[in-house]
Every structure is written in C-alpha cells, then in structure tokens.
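Each remark here refers to the structure printed beneath this line.
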Amino acid sequence: KPYGPIPIDPLTRFWRHVEPEPNSGCWLWIGAAAGTYGRFHDGHRNGQAHRFAYEVLIGPIPTGLDLDHRCRVRTCVNPWHTEPVSRRENLLRGRSLIQTCPLGHPYDTTVLTRGGLRARRCSRCVNAANRRARLRRMCV
514 KPYGPIPIDP
524 LTRFWRHVEP
534 EPNSGCWLWI
544 GAAAGTYGRF
554 HDGHRNGQAH
564 RFAYEVLIGP
574 IPTGLDLDHR
584 CRVRTCVNPW
594 HTEPVSRREN
604 LLRGRSLIQT
614 CPLGHPYDTT
624 VLTRGGLRAR
634 RCSRCVNAAN
644 RRARLRRMCV
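Okay, so the sequence shown: first residue is 514 according to the working numbering, each after it adds one.
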C-alpha cells in the first residue's frame, strides 16, 4: 500500500500552471518562479518551465544554445514562441529592446570600448558624469 500523495504525471502538473492568453498566443506560466522565469520540477530535476515545454513538445534543445522568447514575454511557455539561439544572440536581441538609460534618457550615441565593442550611451548622463569629474579635479 503506497504512502503519501498519489504521484501525478509531470505533464498534467505542468498544464495546471499554464494559462493561455488568447490575444497574443502566449501560454502564461502561473506557477512557481525564480526571477522572471517560471520554474518547474519534472519529477527528476528542477528547471525552467519554458525549457520543459520546448523539450516535451518540440524536442531536445541543441547543446550550447539558449531559448530566446521571440514574444519577449518571459513567463510565456509556448515553445513556438521560443527559438534556440546562441547566448550572444539572445543577449543582443534583449539589449536592442532597451531604448533608454536607467534614468530614462534616450540612448543617443554609440562609442567603442577598449575591447573594441560598441556601447550605447546617453549623452545627458555622460555630460553630467564629465561635469562631476571636472568638479572633483578642481576641488583637489
């Protein structure tokens, strides 16, 4: 005679935490979360809910690739809204959506960093930082 709760199939448990959003086609995760991504335990391991959905409904995620949410909704677990891409591509896609600096000013200049990478800058914040640096030098 078994003790404890009756084991439930992981797929059944998974669908209990999904709520379809009819306008966008997203399947919103309403279960446990870590940060902004859904978490799910499949009976063997704890992982991200969107990765579980992809592996069950589409197939294995290619080694070394991340799943990029093309819909840009991190709680979406619809595997057809994700695409396997390199980490670099995933970060670049996410970064391109950010159009303002942390203070809300638009990014309006691009500079080359020491490593030869391009970085976006907000001229208002750069000018303010340069003014503060000049004042510090004058006060010393």
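Here a beta-carbon is modelled for each residue, glycine too, at the ideal position from N, C-alpha and C.
| Asked | Found |
| --- | --- |
| Three-state secondary structure (DSSP) of P573 | coil |
| R637 to V624 span [Cα, whole Å] | 14 angstroms |
| Straight-line gap, L604 to L648 (C-alpha atoms, nearest Å) | 36 angstroms |
| Segment contact flag, the region 552–567 with the region 585–601, C-beta cutoff 8 angstroms, min 3 pairs | yes |
| According to DSSP, residues forming a beta bridge with V551 | Looking at the sequence provided, one finds Gly at residue 551 rather than Val. The partner list for G551 (beta bridge, DSSP) reads A546. |
| Through-space distance from G607 to T549, alpha-carbon basis | 14 angstroms |
| Selection from M651, P523, A632 that minimises the alpha carbon distance to G556 | P523 |
| Given 8 angstroms, three or more beta-carbon pairs between the region 571–580 and the region 534–541 | no |
| Those residues which DSSP pairs with R634 across a bridge | T622 |
| Whole-Å CB distance - R652 paired with C635, under 8 angstroms assumed | The amino acid at residue 652 is misidentified as Arg; the sequence shows Cys. Actually they are not in contact, since the Cβ atoms of C652 and C635 sit about 25 angstroms apart, beyond 8 angstroms. |
| Residue from V531, N559, V639 whose Cα sits closest to the Cα of L616 | V639 |
| DSSP three-state assignment for L604, whether helix, strand or coil | helix |
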